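Engineer:
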Ligand code: HEM
Ligand code: FES
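Chains as they are written, first to last, in this note's numbering: chain A, 1 to 349; chain B, 1 to 577.
1. Shorter than 8 Å from the beta carbon of residue 24(A) to some beta carbon of chain B?
2. Which of the three DSSP states is assigned to residue 17(A) in this structure?
3. What in chain A is Cβ-close to residue 295(B), meaning under 7 Å?
4. Hey, which unbroken runs of the alpha helix (DSSP H) at 4 residues or more fall wholly within the region 329-388 of chain B?
5. Tell me, to the nearest whole angstrom, how far the beta carbon of residue 442(B) is from that of residue 466(B); I am working on the premise that it is less than 8 Å.
6. Measuring straight from C-alpha to C-alpha, what distance separates residue 432(B) and residue 379(B)?
7. For chain B, check one thing: does any of its Cβ atoms lie closer than 8 Å to the Cβ of residue 47(A)?
8. Quick check on DSSP: helix, strand or coil for residue 447(B)?
9. Taking only heavy atoms of the ligand HEM into account, decide whether any of them is closer than 7 Å to the Cβ of residue 112(B).
10. Going by the beta-carbon positions, is the gap between residue 100(A) and residue 274(B) smaller than 8 Å?
11. Check the C-beta distance from residue 229(B) over to residue 165(B) and give it rounded, since I have them as a contact under 8 Å.
12. Might you give, ordered along the chain, the residues of its own chain that have their beta carbon closer than 8 Å to the beta carbon of residue 352(B), omitting 5 neighbours on each side?
13. Tell me whether the region 252-263 of chain B and the region 64-75 of chain A touch, counting them as touching only if at least three CB pairs, one residue from each stretch, are closer than 8 Å.
14. So with CB distances below 7 Å, who are the chain A contacts of residue 314(B)?
15. What distance in whole Å lies between the Cβ atoms of residue 408(B) and residue 313(A), which are believed to be in contact at a cut-off of 8 Å?
16. By the DSSP assignment, the alpha helix (DSSP H) with residue 464(B) in it spans what residues?
17. With 8 Å as the threshold, decide whether the Cβ of residue 589(B) is near any Cβ in chain A.
18. Who does residue 291(A) pair with in a DSSP beta bridge?
19. Any C-beta of chain B within less than 8 Å: which residues of the region 150-171 of chain A qualify?
20. Indicate whether residue 338(B) and residue 389(B) have their beta-carbon atoms separated by less than 8 Å.
21. For residue 556(B), collect the residues of the same chain with a Cβ closer than 7 Å to its Cβ; drop the 5 residues on either side in sequence, then sort them by chain order.
22. Tell me where the beta strand (DSSP E) around residue 80(A) begins and ends.
23. So, is the C-beta of residue 247(B) closer than 8 Å to a C-beta in chain A?
24. Determine, using beta carbons only, whether residue 105(B) comes closer than 8 Å to chain A.
25. Helix, strand or coil, according to DSSP, for residue 143(A) in the structure here?
26. At 4 residues or longer, what runs of the alpha helix (DSSP H) sit wholly inside the region 303-338 of chain A?
27. Can you name the residues of chain B whose CB is closer than 8 Å to the CB of residue 64(A)?
28. Hey, does residue 397(B) have any beta-carbon neighbour from chain A nearer than 8 Å?
29. Name, please, each residue of chain B whose Cβ falls closer than 7 Å to the Cβ of residue 118(A).
30. Assign residue 96(B) to buried or exposed, taking buried as 16 or more other Cβ atoms, counted over all protein chains shown, within 10 Å of its Cβ.
31. Figure out for me which residue from 27(B), 180(B), 255(B) has the closest Cα to the Cα of residue 33(B).
32. Where are the alpha helix (DSSP H) runs, 4 residues long or more, that stay fully inside the region 210-276 of chain B, in chain order?
33. Can you pull the DSSP bridge partners for residue 42(A)?
34. For residue 198(A), is the classification buried or exposed, using 16 other Cβ atoms within 10 angstroms of its Cβ as the cut-off for buried?
35. For a test of the three-state rule: what should DSSP assign to residue 577(B), helix, strand or coil?
36. For chain A, find out if any of its Cβ atoms is closer than 8 Å to the Cβ of residue 1(B); answer yes or no.
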C-alpha cells in the first residue's frame, strides 16, 4: 500500500491546472476525536441500534404468529390496510434499516474521516506487453496455418455462419396453425366466429336480445351466442378477443352513414369492441355525440358516422357488424365483419 | 498484528487455505485499501444495485408460490369479492400470495417497489454520469453497458407487471401485441410465435415467466457484474477539489470506512424498501379483476417507466399508409419503435459522438462541472424535457380530469410543444451555463462579492471582494478548456487539394458549435494577480475587525461601512457644515 498517503500529510498538492498554489483545506477534528466522552456516547448509540434491530426481529416473529391475516385496520392517508402486512413490514423493515444506520453512524463518528490519496495509472498497457501480445498472436496465426490453408479458413467461416440456423428453426413451432398448418396468421386475424344467423347475446349473461330491450342511447356489450362452446372447445379466450362487440341504439334519423346499406336494425348498430389502434377494448360511449372513446390512447370514433376516427392515434374506422333479427325477433348477425377487426398489420392492405 | 481472537485466527487460517488455492491474498493486498471518492451523487448507482439485489431476493420468494399458468381455475381463496369466479391460475396464485400467505403481500409489494426504485435510481444515475462527463474515455464501455441495463430494466419491469394476469397487466400485453403486429413484413408472424397464436392464447404467461425470472435477470446480473468490475479496475471518477487531480483518487479506503458506509447503505435501502412495501400499497391486482380481452378499466396507467412510450403512442397523429397492398402503421411504428430506437441509439452512441466532435482523446477521471460543458449539458436537458413531455402525454387523461381541460387540447398542446420546448430548453441551458462560466471567471479575477460596501479615506466607495477559498479555487480551475478544432486548409502549402476538406470542415463546425462560446480560464498569472488584489481589499477592511460587530457598525452608518480612517475626516466635514 505504498501509494497510500494520508491526505493530511499531503501538504499542498497542486490543483490539476496548477494555476494557483492550492493547500489542502484544513482537516477539522470531530468531537468524538477529541472528547472520549463523546466517543463513548457514539459507541453506545451504534450499539443500541444493533440491539434494537435484534429486538425487532423478535417483534416480527411475535406478529407473524399472533396477528390474524384477515384483520384490516384503518390508517388515515393509507386507508384500509391489512394489519399483517403493515406489522411485518414495520418490524422487518426497521430491523434491517437499523443495521444500516448503525453501520453508517459507526463509520461517520468513530472511523477515521481523513481522506487518503491513491495514484491512478493510465489504462493503456505498457508497450512491451502489447508487443508480447502481438508476437503471441503472430506466432499463433503462423502455427495454426490460418493463412496458409485458405480452404480450411473459408470452410470454417462457413460452418460458423451456418451452425446457429437449426436453433432458429427450432423456434418455428412456437406456434402451429390449428388447421393442419394451412392458415397464415393474417388469415386467422381476418375472421371472427360471427356468421349469418349467429344470435347476439349479452356478455356474461348470454341472454339473447330483442330490439325492444335496447332503449335509444343505450349501450350493451355483446358476444356471439356460440361463444361459450367455442371457448370451451378451444380452451382459450381468443374467440372472445375478436368477436366482442358493442350494440348501441340511436334515433335512425341521427345516423349519418354506415359501412353498409341497412347494416343497422331500427337504429341499433353493432360495432367491434376492439380498438383499431393497438387493440384495447372500448366501452366509453357518449350518447349525445355518439362518440366512442378508447381509454388507452383516447382514439375517438363517431358511431353515427360509419365509426370514423374523429380524434386520436387510431387510423381506421371501428369495423361495423351487419345485423338483423331472426324469426323469433332476436338480434342476429347478418355476416362476419367485412374487414379484420383490431390493430392493423402488414398484410391487411 | 493483533490477530488474537479465535474467530480471527480461524479467519486467517481460512484466508491462507483459500490463498494457497487461488492466490487471493494478492487481490486483498491490492484492494482492501482501495480508495473510493465520496459524493452523495455516487450513491445513486448504489441504490440501483441494492434495489436490484432486493428484487432478486423477493422475486425468488415469489417464485415459490406463483404459478405461471393460464389454465382457468375457479377461485376459492379468502378474498371474498372474487370467490367462485373463473380466472387464470396465474391470477389466482397472485391472489393467494396477497391474501393467504403470511407476509406474501409484503414481499409482493417489496418486489414491485424495489423494481420501481431500481429503474428510477438507474435513470438518475445515468443523468449524473451524463452531466458530469463521467462517460468520457476510458469509461465508454461502461456507459454502453449502462444504457443496455436501463433497456433491460424496462423489459424486466414490463414483463413482471404482465405476469399476474389481472385486467391492467393484460391490457398492457394487448397493447404490446398490437405494436409487435404492426412491424412491417414479419409483424403477424412475430406476434403469433410470441403468443403461441392469437391473443391472449394460453402460452404467453409461462413464456414470459422464463423471460422475467431467468433470461432478463441473468443478463442484468452479468452486465451489472461487468459494470462493477470496470468501475473497480478503472477506479471511480472524482469531483474536483483541493488536491484532486486527473492522476489521483482522493477518498476513503475500502476497509473500513467505505465498507461500513456502503454496506450500511445496502441495509438502509433494503430496510426502506421493506418499510415502503409494508406501508404503501402498490398494484392492488384484486381491485382490477382477472383479465379478459374484452374488458378494460378506464384510466388504466402503466408503471412510470413505460409512461413515455404510452405518451408517445397517445400523441402520435393517426398516420397509416398502404403501399402495394401492404400496410405501414406509422401511428404505431414511429412512437413505439422508431422514436425509442433513435433515443436509445443516440444515448448509447453519445460518448463517441462527443469524442468525435471535440477530438478529445485524453483520459478523464476528474468530473466536469455541468456548466463547463454547456453544449453537452444543454443536450441532456433537452433530451430530458422531451422525455418529460412524453411522460406528461402518458398521463393526459389524468391531467384532463384533474384540471378539467379537454383531452384534445392537451394532446394538441403537447404535439406542438414537443417540437418547441426541447430546443428552447437547449438554448436556455446553454446560456445559463455560459453565464455561470462568466461568473466563475469574475470570481477568479476579482474574488467574490462579500456583499459589503467600504468607504475609503478619500471618499471612494468600493465593494469588498474576498479571495476565494482553497476549495473554490481548486473547483473552478478544474475546468477543462478545449480549443475547437481548427478550420481545415483547402489545400496544403504545395497546393495539393485537401480531399477531405468537406468532412473535416463539417467536423470543425460542429466542434465550434460545441466549444465556440467557451469562456476560457484566465491565465495563472491573471488569477494570482486578481486574488492578490482582492486580498488587498481585505487588508483595507482589516482595521474594521477592531469593531466587535461589523453589522452594527454598518447599521449605524446607513448600510455603508466606513473605513475607520474616515472618522476624523467625517468629523471635520460635519464641523465645517
Ligand atoms: C430484474 C429486475 C426485475 C424487475 C424490474 C421485476 C419487476 C416485477 C414487477 C413490476 C412485477 C409485478 C409485481 C406485482 O404483482 O405487482 C413482478 C412480478 C414477479 N416477479 Fe419480478 N422483477 C425482476 C426480477 C425478478 C426475479 C429475478 C424473479 C425471480 C427469481 C422475479 C419473480 C417474479 C415473480 C414470480 C412475479 C409474479 C408474482 C407476482 O406478481 O406477485 N422477478 N416483477
Ligand atoms: S388502443 Fe385505443 S387508442 Fe390506442
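Positions of the beta carbon are idealized from the N, C-alpha and C atoms, including for glycine.
Since the structure is predicted, the reported quantities are computational estimates derived from the model, not experimental observations.
Structural biologist: Put simply:
1. Start at 1 with the first residue of the first chain, and residue 24(A) comes out as number 24. Note that residue 24(A) scores a pLDDT of 47, beneath 50, so its modelled location is shaky and nothing firm can be said.
2. For the purposes of this step, residue 17(A) is taken as the residue at position 17 of the first chain. Only weak support exists for where residue 17(A) lies, its pLDDT of 36 falling under 50; the value from the coordinates is given anyway. In the structure shown, residue 17(A) sits in coil (DSSP, three-state: anything other than H, G, I, E or B).
3. As a first step, residue 295(B) is located in the second chain; it is residue number 295 there, counting from the start. Here the neighbours are 281.
4. 330-333, 339-358
5. Your numbering for residue 442(B) matches position 442 in the second chain. Your numbering for residue 466(B) matches position 466 in the second chain. So it is not a contact: roughly 13 Å between Cβ atoms.
6. As a working mapping, residue 432(B) is identified with position 432 in the second chain. As a working mapping, residue 379(B) is identified with position 379 in the second chain. Distance between the alpha carbons of residue 432(B) and residue 379(B): 13 Å.
7. What you label residue 47(A) is simply residue 47 of the first chain in a count that begins at 1. False, the Cβ-Cβ gap to chain B never drops below 8 Å.
8. For the purposes of this step, residue 447(B) is identified with residue 447 of the second chain, where counting begins at 1. Three-state result, residue 447(B): coil.
9. Residue numbering aside, residue 112(B) sits at position 112 when the second chain is read from its first letter. Yes, the Cβ of residue 112(B) comes within 7 Å of a heavy atom of the ligand HEM.
10. Translated into positions along the first chain, residue 100(A) becomes position 100. Translated into positions along the second chain, residue 274(B) becomes position 274. In this structure, residue 274(B) does not lie closer than 8 Å to residue 100(A) by Cβ.
11. For this step, residue 229(B) is matched to residue 229 along the second chain. For this step, residue 165(B) is matched to residue 165 along the second chain. Rounded, the Cβ-Cβ distance is 38 Å, inconsistent with contact.
12. What you label residue 352(B) is simply residue 352 of the second chain in a count that begins at 1. Only 140 meet the Cβ criterion.
13. no
14. Reading the second chain from its first residue, position 314 is the one you call residue 314(B). Per Cβ cutoff of 7 Å: 297, 298, 313.
15. To locate residue 313(A), count along the first chain from 1; it is residue 313. To locate residue 408(B), count along the second chain from 1; it is residue 408. With a Cβ gap of about 12 Å, residue 313(A) and residue 408(B) do not count as contacting.
16. Stepping through the second chain from its first residue, residue 464(B) is reached at position 464. Taken as a continuous stretch (DSSP letters only), residue 464(B) belongs to no alpha helix (DSSP H), being part of the beta strand (DSSP E) at 461-466.
17. The shown model of chain B, from 1 to 577, leaves out residue 589(B), and the question about it has no answer.
18. Counting from 1 along the first chain, the entry for residue 291(A) is found at position 291. Per DSSP, 286(A), 302(A).
19. 171
20. Within the second chain, residue 338(B) is the residue found at index 338, counting from 1. Within the second chain, residue 389(B) is the residue found at index 389, counting from 1. No, Cβ-Cβ distance for residue 338(B) and residue 389(B) is not below 8 Å.
21. On the second chain, position 556 is the one that residue 556(B) refers to. In this predicted model, residue 556(B) has a pLDDT of only 47, less than 50, meaning its place in the structure is not dependable; the value taken from the coordinates is given anyway. Taken in chain order, the list of residues that qualify is empty.
22. Within the first chain, numbered from 1, the residue matching residue 80(A) stands at position 80. Where residue 80(A) is concerned, the enclosing beta strand (DSSP E) stretches over 79-82.
23. One-based indexing of the second chain puts residue 247(B) at position 247. For residue 247(B), the answer is yes, since a Cβ of chain A falls inside 8 Å of its Cβ.
24. To locate residue 105(B), count along the second chain from 1; it is residue 105. Answer yes: the Cβ-Cβ gap between residue 105(B) and chain A drops below 8 Å somewhere.
25. Numbered from 1 along the first chain, position 143 holds the residue referred to as residue 143(A). Residue state, collapsed to three classes: helix.
26. none
27. Along the first chain, one-based indexing puts residue 64(A) at 64. Chain B residues near residue 64(A): 102, 103.
28. By one-based count along the second chain, residue 397(B) stands at place 397. Taking Cβ atoms only, chain A reaches closer than 8 Å to residue 397(B), which makes this a yes.
29. For the purposes of this step, residue 118(A) is identified with residue 118 of the first chain, where counting begins at 1. Correct list: 35, 248, 249.
30. Here residue 96(B) refers to the residue found at position 96 of the second chain. Classification for residue 96(B): buried.
31. Within the second chain, numbered from 1, the residue matching residue 33(B) stands at position 33. Selected option, being the one with the closest Cα: 255(B).
32. 216-234
33. Residue numbering aside, residue 42(A) sits at position 42 when the first chain is read from its first letter. In DSSP, residue 42(A) forms no bridge with anything.
34. On the first chain, residue 198(A) is found 198 positions in, with the first residue counted as 1. Flag for residue 198(A) reads buried.
35. Along the second chain, one-based indexing puts residue 577(B) at 577. With a pLDDT of only 45 at residue 577(B), under 50, the local geometry of the prediction cannot be trusted, and no value is derived from it.
36. Start at 1 with the first residue of the second chain, and residue 1(B) comes out as number 1. For residue 1(B), the predicted model reports a pLDDT of 49, less than 50, meaning its position is unreliable and no value from the coordinates is stated.
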